[in-house]
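Asker:
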Amino acid sequence: MGEILSEQRSNERKHGGDVFAAATELGIKPEAILDFSASINPLGAPPQAMSAATEALEACGHYPEVDASSLQVDLAAFHQLPKECLLPGAGSTELIYLVPRVLRPRRALLVTPAFSEYQPALTQVGCSIENFKVAPGESVDPDRLVAVAGNGFDLVLFANPGNPHGSGIPRETVLQVVDGCRGVCQVVVDEAFVDFAPDLSVIDRVGVEHHLWVFRSMTKFYALPGLRIGYLAGSSRGMKAIRAAREPWRLSTPAIAAARACLTAGEYRDETLVALAAWRTELAAGLERLGCHVYPSVANYLLFRLPDSASSAVQITASLRRRGVLVRDCSNFDGLSERFLRVAVRTREENSRLLTAMEDLLE
1 MGEILSEQRS NERKHGGDVF AAATELGIKP EAILDFSASI NPLGAPPQAM
51 SAATEALEAC GHYPEVDASS LQVDLAAFHQ LPKECLLPGA GSTELIYLVP
101 RVLRPRRALL VTPAFSEYQP ALTQVGCSIE NFKVAPGESV DPDRLVAVAG
151 NGFDLVLFAN PGNPHGSGIP RETVLQVVDG CRGVCQVVVD EAFVDFAPDL
201 SVIDRVGVEH HLWVFRSMTK FYALPGLRIG YLAGSSRGMK AIRAAREPWR
251 LSTPAIAAAR ACLTAGEYRD ETLVALAAWR TELAAGLERL GCHVYPSVAN
301 YLLFRLPDSA SSAVQITASL RRRGVLVRDC SNFDGLSERF LRVAVRTREE
351 NSRLLTAMED LLE
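Residue numbers (my numbering): 1 to 363.
1) Check the DSSP bridge columns for Tyr231 and list the partner residues they point to.
2) Following the continuous beta strand (DSSP E) through Ala108, name the residue where it begins and the one where it ends.
3) Assess, as a yes-or-no matter, whether the region 22–40 is touched by the region 51–60 under the definition of 3 or more beta carbon pairs within less than 8 Å.
4) Which residues share a DSSP beta bridge with Asn131?
5) Please return the same chain residues whose Cβ sits closer than 6 Å to the Cβ of Glu49, not counting the five positions on each side in sequence.
6) First and last residue of the alpha helix (DSSP H) that includes Tyr268?
7) Report yes if the CB atom of Leu232 is closer than 8 Å to the CB atom of Trp213, and no otherwise.
8) Using the C-alpha atoms, what's the distance from Phe20 back to Ala325?
9) Using three-state DSSP, classify His79 as helix, strand or coil.
10) Distance check for Gly168 and Phe193, CA to CA, integer angstroms please.
11) List the DSSP bridge partners of Tyr301.
12) Rounded to a whole number of angstroms, what is the C-alpha to C-alpha distance between Ala32 and Val177?
13) Quick check: what's the CA-CA separation for Ser331 versus Glu130?
14) Find the nearest neighbour of Ser235 within the set Phe215, Ile28 and Ser252, judged by alpha-carbon distance.
15) Leu122 lies in the alpha helix (DSSP H); which residues open and close that run?
16) Please state if the CB of Ser128 and the CB of Arg106 are separated by a distance shorter than 8 Å.
17) Mapping DSSP to helix, strand and coil, what is Arg9?
18) What does Phe158 pair with, by DSSP beta-bridge criteria?
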């Protein structure tokens with residue numbers, strides 16, 4: 001059951017994936033780092049995306065498309081939406097900041113724990129934030145969420161699957177929230193990891209639900225964090241204002257080319273879903289054997305609670321870092337204590353190496 005908190009906790013803006021800083025600190029090459037702190041597809045980018053980006057470098061003597069229109073058209077075909085409902089961006093984080101600047105919400109209801117960039121994106125426009133706390137392992141109560149949203153909130157924001165816990169909110173539940181908030185407030189759903197659980201997505205509804213906005217990322221599933229590719233979906237009417245507030249040339253030519261190629265990678269998508277499901281199950285079982293409590297996840301990462309006898313998450317994170325293994329300390333997430341860690345699901349061999357290192361520290 002959700003619990004509204006009176007004040008927004010100030011989350012420190014930590015992020016995973018800082019491989020280059022860790023390599024410099026440890027005096028090793030970046031490729032020697034085993035990174036479980038960033039939840040990136042361990043299969044690597046689709047070959048056709050890498051080829052397309054490389055070929056696109058030949059066009060770098062010219063400006064890229066002003067608004068990534070070719071990608072916009074391809075996304076429209078992929079999602080079977082009008083192209084006016086889609087806006088490519090330099091990663092979904094750019095769009096997370098852009099939307100509040102246009103919508104100008106005064107009060108936002110944030111389902112937590114949540115991605116740390118939501119808070120500064122909202123407070124930059126003077127928006128006050130209150131938390132609707134859903135503990136890891138609990139389900140979102142749509143009736144309760146809608147009821148609370150009706151108490152003067154302009155905007156409700158949540159991720160599906162959730163971050164850092166990876167649990168999925170059933171599509172029917174999300175649509176209950178969307179339906180209940182119609183005429184009440186805007187509903188913003190961050191689907192950055194939904195490619196790992198595609199049945200959860202509500203992106204197909206943006207054309208008919210004018211108060212619904214959906215963030216999507218091509219960073220995680222397609223393993224392209226360095227190219228910064230994401231997109232926003234919303235009603236064509238609402239998108240006009242978003243587009244008008246947007247700077248030109250946000251995506252580079254290689255990024256556009258890679259993103260378009262990703263949309264053709266059907267075999268890669270199928271392979272990813274099969275492999276990740278197996279590796280996630282194996283990794284969760286391995287962590288449970290070490291005495292950790294692992295929370296159910298449909299995404300490519302696992303949130304777990306360390307045994308009471310273990311050192312804190314901060315200490316475990318530091319010890320693993322000294323071994324060249326990066327994990328995500330989750331103590332800065334609202335509602336989580338210093339006993340929570342998140343790890344990406346990587347290949348079977350890499351997961352085994354993590355478990356071996358963890359076993360040494362938890363003995």
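Positions of the beta carbon are idealized from the N, C-alpha and C atoms, including for glycine.
Answerer: In short:
1) Pro88 and Arg216
2) Arg107 to Thr112
3) no
4) Leu110
5) Before going further, note that residue 49 is Ala rather than Glu in the sequence given. If we look at Ala49 and ignore the five residues flanking it on each side, its Cβ neighbours are Ala258, Ala261 and Cys262.
6) Gly266 to Arg289
7) yes
8) Here the sequence assigns Val to residue 325, which means Ala is not the residue at that position. Going by the C-alpha atoms only, they are around 13 Å apart.
9) helix
10) 10 Å
11) Ala344
12) 45 Å
13) 19 Å
14) Phe215
15) Tyr118 to Thr123
16) yes
17) With a pLDDT of only 43 at Arg9, under the threshold of 50, the placement of this residue in the model should not be trusted, and no figure is reported.
18) Val189
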